[in-house]
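Visitor:
Right, dumping it as structure tokens:
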């Protein structure tokens, strides 16, 4: 899954995003690109669950085309 996170502007933000995602799936693999404000997530969790946890963490995400 790919997401655009407008307010992920640094690697500190990327760590927070990763931590939020791994709170619902500890085995999730997150590839963050703060410069372009994008993340790629490999997870067993559903897209809606990831979107919800990111919004709760203060990093609302929009969907990126694959």
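Numbering (our numbering), first residue to last: 177 to 242. We put the beta carbon where it would ideally sit given N, CA and C, even for glycine.
(1) Please report how far the alpha carbon of residue 210 lies from the alpha carbon of residue 220, in whole angstroms.
(2) Per DSSP, what are the beta-bridge partners of residue 238 in this structure?
(3) Quick one: using the 10 Å Cβ neighbour count with 16 as the cut-off for buried, is residue 213 buried or exposed?
(4) Should residue 187 be labelled buried (16 or more other beta-carbon atoms within 10 Å of its own) or exposed?
(5) Here's a check: name, in chain order, each residue in its chain whose Cβ is nearer than 8 angstroms to the Cβ of residue 235, leaving out the five neighbours to either side.
Guide: In short:
(1) Taking the straight line from one Cα to the other gives about 23 angstroms.
(2) 180
(3) buried
(4) Exposed: under 16 other Cβ atoms inside 10 Å.
(5) 181, 183, 184, 189, 192, 193, 196
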